[in-house]
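Count the sequence shown with mature numbering (1 follows the signal peptide of the UniProt record, and there is no 0) and you get residues -16 to -1, 1 to 232, in order. Note that the Cβ used here is the ideal one computed from N, Cα and C, for glycine as well. Quick notes on the structure that follows.
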Amino acid sequence: MIWCGGVLLLPILALANFTQGPSLLLDSEWESWKTVYEKQYNSREEGSRRSIWEKNMRLIDAHNQEYKQGIHSYELGMNSLGDMTSEEVAMKMTGLRVPRFRKSNNTVLLGGDLEKLPCSIDYRKKGYVTPVRHQGSCGSCWAFSAAGALEGLMKKMTGKLVPLSPQNLVDCVSQSGCKGGFMTDAFEYISTNKGIDSEKSNKIILSFFFSNLFCFWNVFLCFWNIFLCFWIFFLLLDFFFAFGLKTL
């Protein structure tokens, strides 16, 4: 299993040390999956990718059978990462960095009735969780985790669930961009910046060609300050000429 900053990537687990030829029973599913996710391989690569995909399919089916028996509390499903091993996914997609030293700012709550605490909480059922988003091949799990945590907090405080922008964090928090970052730095940036862009206002697809090159918010502030400087300059210039003509 693969963990990315505390987020479990469920549908991409592979069985190890198990070799078997392609199953004819899965031909139609394999072709359908390739069509849905627009997968294309050369003849040599397709065999190995098909083998990994089938191992993942068998694992998913076995897990879901146990789910129906009440052994597990969640189901698994196939997605675009189904032709990758756990090691490949970890190498391409995980980017969480845990700082060795950070400022301590813990709060200890003393007292309280611990017996009233529930055994578990499913925040999906409470409506605190936005739909799962695809981070692509960018090592930005730290940004998605930070944005997701804040989405749930905002829902609890305001009653509104607003998808926030991991791209905003990737662009503005870490100099490494898709090479990883700290969730703690993300929270610190959000606090200092007095907020974070919503997903709607900072579409990932719109910033694709410029991603990780600069922080859009900083660029916006830069142009805004330049505009204000020119506006004040021309305002003073206009006042000077108007005052000068009257004195003449």
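- DSSP, reduced to helix, strand and coil, places Ser175 within a helical segment of the structure shown.
- Between Cys125 and Val154, the gap from beta carbon to beta carbon reaches 8 Å or more.
- Residue burial is scored here from C-beta neighbours: Ile210 has fewer than 16 other C-beta atoms within 10 angstroms and is therefore classed as exposed.
- According to the DSSP assignment, Phe128 belongs to the alpha helix (DSSP H) that extends over Cys125 to Thr142.
- With contacts defined as CB atoms closer than 8 Å, Ile44 and Gly31 fail to qualify as a contacting pair.
- Counting along the chain, the unbroken alpha helix (DSSP H) around Met75 starts and ends at Ser70 to Met77.
- CA-to-CA, the gap between Ala46 and Thr176 works out to about 47 Å.
- The three-state secondary structure of Ser16, taken from DSSP, is helix.
- Per DSSP, reduced to three states, the secondary structure at Ser35 is helical.
- 8 Å or more divides the Cβ of Ala130 from the Cβ of Ala74.
- The residue from Lys100, Leu145 and Lys163 with its alpha-carbon nearest to that of Lys110 is Leu145.
- The alpha-carbon of Tyr112 is positioned some 48 Å away from that of Phe217.
- Considering only Met77, Leu134, Ile55 and Leu8, the residue with the shortest C-alpha distance to Thr168 is Leu134.
- The residues Ala(-3), Asp67, Met68 and Thr69, in chain order, have a CB closer than 7 Å to that of Ile36 in the same chain once the five nearest residues on each side in sequence are set aside.
- Here Cys213 is exposed, its C-beta having fewer than 16 other C-beta atoms within 10 Å.
- Of the residues Leu65, Ile105 and Lys139, the one whose Cα lies closest to the Cα of Gln119 is Leu65.
- When the beta-carbon positions are compared, Ser182 and Ser149 come within less than 8 Å of each other.
- Counting the other CB atoms within 10 Å of its CB gives Lys100 a total below 16, which places it among the exposed residues.
- If you draw a 10 Å sphere on the C-beta of Arg34, you find 16 or more other C-beta atoms in it, and that means buried.
- According to the DSSP secondary-structure assignment, Ser57 is paired through a beta bridge with no residue.
- According to the DSSP assignment, Val116 belongs to no alpha helix (DSSP H), since it is labelled neither H nor E.
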